[in-house]
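Written out below as structure tokens is the structure these notes cover.
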């Protein structure tokens, strides 16, 4: 039962990722309804600037939501905090449902983005706190998988339902997301930080399917208590004059030698950037996240219908969009299976190389027109599937694995903020890329980023498969591959 409880909580806390998928690709099939003066559902058609904001505002709102995540879940806990963080989705779709002007639609999109922000912070964090090592990688990929399911649902709803029914379905899913979190058990990490040791022991027993007095539960409780105590890693600054001190020992937690004053004054921000392992983990994962975004899959999702219309005009753009979401899901599910089998680094490198080959080929074919349009459409699908095999999912796994509990929340928030800023930039710039360098030039740019990601993944990313957080910290410190 323990693993079932972990799966249930992983799905519930990651449901906001599905809602983010629904929100993000909505413009793909509604933009034409807003822009065309003959079909617009608004009081006036959207301008080009408003049309651009329709796709790019959610990442901007997500930056606000991400900044709020740590405060909310720190004050209210993972369960109640998650419910609060899911409310912007409800407000967003309610506003869109009752709006008839571009301004209100855009405000609704921005508010929805505030809900998207926590989606990829809160889920991985919660999962990393309740998942056992043997299935940690698999469960950590649940948020990105649900995101793909949300995209699939949105494209299908947009194909078969009218505008109003799509909005109602999205609103219903948003309410369901809040309701699901009422059924989960609080994170033992949060409970320990609130000095609720007995509740933490019961939570561990719940997630491991063991008796609260069992050896497994008591050992894990003891390990968590040691991890949550501020690391003595900062003491490295005071003992650097001792040349016999091993680097690995500077990373260890040693609460016996630590004064209460140091425990209370130690800053997470200082620990993140003064700790060699945390600093290196932050830089490496940050590079992977930025390059992941610059590989261009998000703009392809947001403008999928328009891209397929241009790349393969003889094919149904609605059908191609649904196929796109399907291959994203297949790639994500494949990543779920392979994350704990082949390792994180292998998937990152392989995925990036495949993406580079696909997008460079698409650029050549679109520029020269030497192949039938359906070949280009198929390559777009292969490109997205290859992306999800590793480059699209593994960085989020690494976020949950590469940091100590003392800096996990802060590092996660900062990294996701960086990713949202990159998302906002690429979605906003993409229409201008197509205008000035063409769609083929855009794909060449994505190929360069994919090649860069493959090199960084091979040379800098540590293999974390099957390792505890302490082992990962030592590996980062010693710069092992």
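Residue numbers (my numbering): 22 to 502.
Just so you know, even glycine gets a beta-carbon here, dropped at the ideal spot from N, CA and C.
Does the beta-carbon of residue 243, which I'm using as the reference point, lie nearer than 8 Å to any heavy atom of the ligand NAD?
Of the ligands one can find in the structure shown there are none, so the ligand NAD has no counterpart to examine.
Please determine, among 131, 133, 161, 157, the residue with the shortest C-alpha to C-alpha distance to residue 143.
One-based indexing of the chain shown puts residue 143 at position 122. Checked all of 131, 133, 161, 157; the closest Cα to residue 143 is 161.
Kindly indicate which three-state DSSP category residue 117 falls into: helix, strand or coil?
Within the chain shown, numbered from 1, the residue matching residue 117 stands at position 96. Correct three-state label for residue 117: helix.
Among 466, 199, 358, the one whose alpha carbon lies nearest that of residue 100
Position 79 of the chain shown, counted from the start, is the residue given in the question as residue 100. When only C-alpha atoms are compared, the closest one is 199.
C-alpha gap between residue 317 and residue 26, whole angstroms
Residue numbering aside, residue 317 sits at position 296 when the chain shown is read from its first letter. Residue numbering aside, residue 26 sits at position 5 when the chain shown is read from its first letter. Approximately 36 Å between the Cα atoms of the pair.
I'd like to know whether the C-beta of residue 487 is nearer than 9 Å to at least one C-beta of chain D.
In the structure shown, chain D does not exist; there is a single protein chain.
Residue 59 to residue 452, Cα distance in whole Å?
Here residue 59 is taken as the residue at index 38 of the chain shown, counted from 1. Here residue 452 is taken as the residue at index 431 of the chain shown, counted from 1. Distance between the alpha carbons of residue 59 and residue 452: 23 Å.
For residue 496, which residues of its own chain have a beta-carbon under 6 Å away from its beta-carbon, when the five flanking residues on both sides are left out?
As a position in the chain shown, residue 496 is number 475, starting the count at 1. Once the five neighbours on either side are set aside, the close Cβ partners of residue 496 are 483.
Three-state secondary structure assigned by DSSP to residue 215
On the chain shown, position 194 is the one that residue 215 refers to. Reduced to three states, the DSSP call for residue 215 is coil.
Proximity winner among 164, 187, 358, relative to residue 115 (alpha-carbon distances):
Counting from 1 along the chain shown, the entry for residue 115 is found at position 94. The candidate whose alpha carbon is nearest that of residue 115 is 187.
For residue 391, which three-state DSSP category applies?
The residue you call residue 391 lines up with position 370 of the chain shown. In this structure, residue 391 counts as coil in the three-state DSSP scheme.
Is residue 26 helix, strand or coil when you go by DSSP?
Taking the first residue of the chain shown as position 1, residue 26 is located at position 5. Judged by DSSP in its simplified three-state form, residue 26 adopts helix.
Stretch-stretch touch, CB-based, cutoff 8 Å, three pairs: the stretch 336–356 with the stretch 407–414:
yes
Would you decide whether residue 476 is buried or exposed? Buried here means 16 or more other CB atoms lie within 10 Å of its CB.
Numbered from 1 along the chain shown, position 455 holds the residue referred to as residue 476. Sixteen is the threshold: since fewer than 16 other Cβ atoms of the shown chains lie within 10 Å of the Cβ of residue 476, the residue is exposed.
Residue 349 versus residue 405: straight-line alpha-carbon distance, rounded:
Taking the chain shown and counting its residues from 1, one reaches residue 349 at position 328. Taking the chain shown and counting its residues from 1, one reaches residue 405 at position 384. Between residue 349 and residue 405, the C-alpha separation is close to 6 Å.
Note down the Cα distance separating residue 320 from residue 79, rounded to an integer number of angstroms.
Position 299 of the chain shown, counting from 1, holds the residue named residue 320. Position 58 of the chain shown, counting from 1, holds the residue named residue 79. Rounded to the nearest angstrom, the two C-alpha atoms are 13 Å apart.
Please report the straight-line C-alpha distance between residue 327 and residue 145, rounded to a whole angstrom.
The count along the chain shown starts at 1 and reaches residue 327 at position 306. The count along the chain shown starts at 1 and reaches residue 145 at position 124. When rounded, the distance between both Cα atoms is 32 Å.
Please tell me whether residue 430 and residue 95 are closer than 9 Å, where the distance is taken between their beta carbons.
Mapped onto the chain shown, residue 430 falls at position 409. Mapped onto the chain shown, residue 95 falls at position 74. Yes; because the gap between Cβ atoms is below 9 Å, this pair is in contact.
Sub-9 Å separation of residue 40 and residue 138 beta-carbons
As a working mapping, residue 40 is identified with position 19 in the chain shown. As a working mapping, residue 138 is identified with position 117 in the chain shown. Not a contact, by the Cβ cut-off of 9 Å.
Nearest residue (CA-CA) to residue 70, options 64, 56, 62:
Numbered from its first residue, the chain shown carries residue 70 at position 49. When only C-alpha atoms are compared, the closest one is 56.
Distance check for residue 192 and residue 369, CA to CA, integer angstroms please.
Here residue 369 corresponds to residue number 348 of the chain shown, with the count starting at 1. Here residue 192 corresponds to residue number 171 of the chain shown, with the count starting at 1. If you take the alpha carbons of residue 369 and residue 192, they lie about 35 Å apart.
Close Cβ partners of residue 20 (< 6 Å) along its chain, the five nearest in sequence each way excluded
The chain is shown from 22 up to 502; residue 20 falls before or after that span and cannot be answered.
DSSP three-state call for residue 380: helix, strand or coil?
Along the chain shown, read from residue 1 onward, the residue named residue 380 stands at position 359. Of the three classes helix, strand and coil, the one that applies to residue 380 here is helix, per DSSP.
Quick check on the DSSP output: the alpha helix (DSSP H) that includes residue 246 runs from which residue to which?
The residue given as residue 246 occupies position 225 in the chain shown. Segment 236–249, the alpha helix (DSSP H) holding residue 246.
Boundaries of the alpha helix (DSSP H) in which residue 198 is found, first to last residue
Taking the chain shown and counting its residues from 1, the one referred to as residue 198 is at position 177. Start and end: 184–201.
For the stretch 436–447 against the stretch 337–349, do three or more pairs of beta-carbon atoms, one drawn from each stretch, fall closer than 8 Å, so that the two count as touching?
no
Quick one: is residue 155 buried, meaning 16 or more other Cβ sit within 10 Å of its Cβ, or exposed?
Numbered from 1 along the chain shown, position 134 holds the residue referred to as residue 155. Label assigned to residue 155: exposed.
From this set, 42, 54, 295, which residue's C-alpha is nearest residue 185's C-alpha?
What you label residue 185 is simply residue 164 of the chain shown in a count that begins at 1. The shortest C-alpha separation from residue 185 is found at 54.
Taking 6 Å as the limit between beta carbons, can you name the residues of its chain near residue 210, skipping five residues before and five after?
Taking the chain shown and counting its residues from 1, the one referred to as residue 210 is at position 189. The answer, listed in chain order, is 150.
Which word fits residue 445, buried or exposed, when buried means at least 16 other C-beta atoms lie within 10 angstroms of its C-beta?
As a working mapping, residue 445 is identified with position 424 in the chain shown. So residue 445 counts as buried.
As an exercise, report each continuous alpha helix (DSSP H) stretch of at least 4 residues that is fully enclosed by the stretch 109–171, in chain order.
123–151, 157–161
Where residue 465 falls: helix, strand or coil (DSSP):
As a first step, residue 465 is located in the chain shown; it is residue number 444 there, counting from the start. Residue state, collapsed to three classes: helix.
Quick check: what's the CA-CA separation for residue 447 versus residue 315?
To locate residue 447, count along the chain shown from 1; it is residue 426. To locate residue 315, count along the chain shown from 1; it is residue 294. Going by the C-alpha atoms only, they are around 7 Å apart.
What separation, rounded to the nearest whole angstrom, lies between the Cα atoms of residue 537 and residue 64?
Only positions 22 to 502 of the chain appear in this structure, which leaves residue 537 out of reach.
In whole angstroms, give me the CA-to-CA distance for residue 420 and residue 249.
To locate residue 420, count along the chain shown from 1; it is residue 399. To locate residue 249, count along the chain shown from 1; it is residue 228. Rounded to whole angstroms, residue 420 to residue 249 spans 18 Å at the Cα level.
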